[in-house]
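Numbers given in our numbering equal positions in the sequence shown, counted from 1, plus 35. Report on the structure given below.
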Amino acid sequence: MVRFLIFLLLIFTTSNVLCQDSLKRDNEKTHNYPAPFNPGGNYNTLALKFKLLPWVMGNNGGLNGGIGVEQSFFKRNSAGLEFCFNRWAEHYDNDSGYSDDAYHRDRALVANYRFYYGNMSQKRAVCFYNGIAYRYGRFKQEWSDALAENHHTLRIKNYNAPGLIFGMFFGFKNTTNFGIDLNIGGYYNMKTIYDTYTLPPGTIVVNSTTATWDFRISFNFSLWFSQG
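And the structure:
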């Protein structure tokens with residue numbers, strides 16, 4: 036775990052060192068259009084993140100939501116914390132001819148540090164960034180009865196996942212303080228899994244651990260305020 040965190044830090048540091056020349060030019064040529072986390076501005080930034088959208092996975096519908104806050108320091112650096120969740124359901128017929136429902140719930144806290152590269156547009160706020168993130172959460176799958184395959188009725192995954200993120204803030208045209216925050220991240224996902232089987236005369240819980248590389252896309256609406 037410690038070696039992996041050091042590896043992530045080295046990648047992040049190297050990518051920023053390689054961008055020093057562009058950053059020097061950015062300090063001279065940063066566009067004057069108002070933008071969050073802008074090294075060319077004379078202010079820090081507070082941003083509020085939020086979303087509540089329909090979830091496309093599953094055949095019984097669901098929700099994808101979240102809320103968070105991000106605070107800059109030294110203009111182009113920021114620290115943020117978000118709570119996000121996914122909820123969706125599926126209805127299916129198993130091989131034995133029984134109908135069953137499955138429910139999926141994913142909740143997580145995400146802490147991150149970001150380094151912004153300044154505004155790239157003269158007509159709107161367009162700010163790219165990279166950063167380090169840490170995701171801590173629980174993913175729960177529940178089947179409505181014991182007729183699921185092999186009487187598998189419940190699975191809980193507790194996970195923690197450090198990773199790297201790359202993304203951008205894209206402001207809406209003619210709107211200075213509102214836009215979209217979009218990023219993609221690669222996470223080393225370390226999971227402890229609890230599988231529950233309902234069998235006579237009671238239940239059996241089987242524990243296991245695993246670690247995998249996962250990739251996630253994050254989307255939020257963002258409302259930002261300058262702090263002079």
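Where a beta carbon is used, it is the ideal one built from N, C-alpha and C, also for glycine.
Within the same chain, show all residues whose beta-carbon is closer than 7 Å to that of Gly172, passing over the 5 residues directly before and after it, in chain order. Asp141, Arg142, Ala143, Leu144 and Tyr194
Buried or exposed for Pro89, please, with buried defined as at least 16 other CB atoms from any protein chain shown within 10 angstroms of its CB. exposed
Mind listing, in chain order, the continuous alpha helix (DSSP H) runs of no fewer than 4 residues lying wholly within the segment 137-219? none
So Ala168 packs on Gly220, CB below 8 Å; how close in whole Å? 6 Å
Excluding the 5 residues flanking Glu63 on each side, which residues of the same chain have their C-beta closer than 8 Å to its C-beta? The predicted model places Glu63 with a pLDDT of 45, which falls under 50 and marks its position as unreliable; any figure quoted below should be read in that light. Contacts found: none.
With DSSP as the reference, please indicate the residues paired to Asn112 in a beta bridge. Phe108 and Phe150
For Thr210 versus Pro69, is the C-beta distance shorter than 8 Å? no
Please report the distance separating the alpha-carbon of Met155 from that of Phe204. 11 Å
Distance, Cα to Cα, Tyr78 vs Ser261? 6 Å
Here's the rule: buried if 16 or more other CB atoms are within 10 angstroms of the residue's CB, otherwise exposed. What is Asp56? Because Asp56 sits at a pLDDT of 48, beneath the cut-off of 50, its placement in the model cannot be relied upon, and the following sentence gives the value as read from the coordinates. Its Cβ having fewer than 16 others within 10 Å, Asp56 is exposed.
Identify the residues that DSSP records as bridge partners of Asn255: which are they? Asp216
Assigned exposure category for Thr244 - 16 Cβ within 10 Å defines buried: exposed
Separation of Phe250 from Gly202, as counted between CA atoms: 13 Å
Between Tyr148, Gly101 and Glu177, which has its C-alpha nearest Asn165's C-alpha? Tyr148
Taking only three categories from DSSP, how would you classify Ala70? coil
What does the alpha-carbon distance come out to for the pair Lys158 and Lys175? 44 Å
Please state whether the Cβ-Cβ distance between Gly268 and Phe118 is less than 8 Å. Summary: the structure shown does not reach residue 268, with the chain confined to residues 36 through 263, and so no result is reported for it.
Could you pull the start and end residues of the beta strand (DSSP E) that Pro89 belongs to? Asn79 to Pro89
How many angstroms separate the CA atom of Thr247 from the CA atom of Gly263? 43 Å
Out of Gly96, Asn73, Asn255 and Ser253, state which residue places its alpha-carbon closest to the alpha-carbon of Val161. Asn73
Own chain residues within Cβ distance below 6 Å of Gly97, not counting five before or after: Trp90, Arg122 and Trp123
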